[in-house]
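Shown next, in structure tokens, is the structure this report addresses.
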Amino acid sequence: MHRVKVLPFIFCFLFGNLLASIEFKDFKQEKDIHSKSQKAIVLWERYVSNSIDSLNILGIELLRSAKKKESLFGIATANRILGCYDVRTGKIDRGIILLTRSKNYFVSTNDNELICEAINELGIAYFLNGDLETAKSFFESSLKFGKDSPVETNRFLAQINLAKVYAEQGRISEAKFLIKDYIKQASELKKWESVSNAYSLLGDLSLERNQIRTAKIYFDKQISFAKKAHSEIYITRAINNQAILAYYEGDSNKSLTLFQKVLKRRKFEKFAFNIYDAYFNLARFHYPDNLDLALEYIDSCYQISKETKLLNQELEVYEWRHEHYKDSHNKNLIDSMKMIIADLGKQNESVRKELQTIDFRIKSNSSNTWLFWSFGSLTIILISRYLIVRKSRLKMN
């Protein structure tokens, strides 16, 4: 079973200790719509990692209140929350629409913090949709805005996601450089979920090269930091990698038990991509000894990928079938799906150009601001100098 998949998407950690103090009832009871929206962002951070269904409830409640109060900020925040929910539950196209609306509002207010986070989420959506080039553009842009964000973690928020794109494109050295730098920055800020996820990706890259001992070191670090972070989704991911290690080490019973545990946990977590991944690992595990069961799991993978438009995963199903059956039908499906994915990248060229325009406009605004303050400072210095000289001349006279 030479296959490992991790989903190294990192979500922002904005409010530190506020996470421990704000509850849904606090959000619900809040009357001021701006404060309500801020509380929703805090809860979003918690729910996106541990309770995806709660995102939907949170987003609908905020959208209802924001529309009643005619708050554009509240509506944009609700769109971001609901867009994240849609992307993670397989409604990617609708999620992209909502996240784009949210991003456009934050761009109009020059809010680098929320632009950075919204663009990172859009990168995740395009990645899941199979368009690596557009995803890369969004992650790179998120890092640019993160440099000017008041939130320290935003400066490297999208870095691990960009590393994943590089890894998928075969740019392994660049990916590893970004991951190790990411671990350094996340460790300094004690963002243990982020550190755990980064080690997961390093382990994945090691397994792809059959470096089992190195992968084990990384995966052991991964599970240690996942437990330290008390995050159920990250713990599930760590268990999945322990199942893969057990398989490589020849402990089939332990491997199967862990894979089944992962599937159960991921069904509860309801992230479509991860459920697909759990089924695929079980299909790999059972092939060829239990062909009927392997095919059942592959059929589940196919159903999820079709329903949620996970194009790369649908392609993976066709490739798996063709690898084992060498049939012309799946070969034709592979060729067709590759064309669809390539066309998607072409269709999204306008999206990438628009993103470049936003980057340029924000950069121009920053330059103009710098020129304004430079000119203002110079003017003050010249006026001050004039007054000093004038005062000196008056004294001499």
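Position one of the sequence shown corresponds to residue 4 (the numbering used here), numbered consecutively onward.
In this text, a Cβ means the ideal position worked out from N, Cα and C, and glycines have one as well.
Own chain residues within Cβ distance below 6 Å of residue i, not counting five before or after
i	result
Glu196	Ala232, Ser234, Tyr237
Ala178	Ala166, Tyr169, Ala170
7 Å CB neighbourhood of residue i in its chain, flanking five on each side removed
i	result
Glu272	Ile55, Ile236, Thr239
Asn244	Ser203, Gly206, Phe222, Gln225
Ile122	Lys106, Phe141, Ser144, Ser145, Phe148
Leu296	His289
Val265	Thr239, Ile242, Asn243, Ala246, Ala281
Glu116	Ser152, Pro153, Val154, Asn157
Ser52	Phe14, Glu196, Ser234, Ile236
Reduced DSSP category for residue i - H, G, I as helix; E, B as strand; rest coil
i	result
Asn200	helix
Arg124	It should be noted that the sequence gives Glu, not Arg, for residue 124. Three-state result, Glu124: helix.
Arg212	coil
His332	helix
Asn82	helix
Arg393	Because the pLDDT of Arg393 is 48, which lies under 50, any placement of that residue in the model is unreliable, and the number read from its coordinates should be weighed accordingly. The answer is helix: DSSP assigns Arg393 an H, G or I state.
Ile361	helix
Glu48	helix
Gly77	helix
Ile25	coil
Asn351	coil
Lys94	coil
Tyr290	coil
Lys193	coil
Span of the alpha helix (DSSP H), counted from its first residue to its last, around residue i
i	result
Glu33	Glu33 -> no alpha helix (DSSP H), and no H or E assigned at all.
Phe274	Looking at the DSSP string, Phe274 is not in any alpha helix (DSSP H), and its letter there is neither H nor E.
Lys309	294-311
Val70	The identity of residue 70 in the sequence shown is Lys, whereas the question assumes Val. Residues 55-72.
Nonlocal neighbours in the same chain, by C-beta distance under 8 Å from residue i, ignoring five residues either side
i	result
Glu317	Tyr305, Ser308, Lys309, Met340
Leu347	Asn132, Gly133, Asp134, Leu314
Thr33	One detail in the question is off: residue 33 reads as Glu in this sequence, not Thr. Closer than 8 Å at Cβ, skipping near neighbours: Lys39, Lys42.
Leu261	Ile242, Asn243, Gln245, Ala246, Ala249
Contact test: residue i Cβ vs the ligand MG heavy atom, cutoff 8 Å
i	result
Met342	Ligands are entirely absent from the displayed structure, and the ligand MG is therefore not among its contents.
Check your understanding: What are the uninterrupted segments assigned as alpha helix (DSSP H) that are 4 or more residues long and contained completely in the region 103-188, given in chain order?
Key -> List check, alpha helix (DSSP H) in window: 115-131, 135-150, 162-171.
Review point. For the region 207-261, which segments carrying the alpha helix (DSSP H) assignment without a break, of at least 4 residues, lie completely within its bounds, in sequence order?
Key: Every alpha helix (DSSP H) of 4 residues or more that sits fully in the region 207-261 is shown, in chain order, as 215-232, 235-251.
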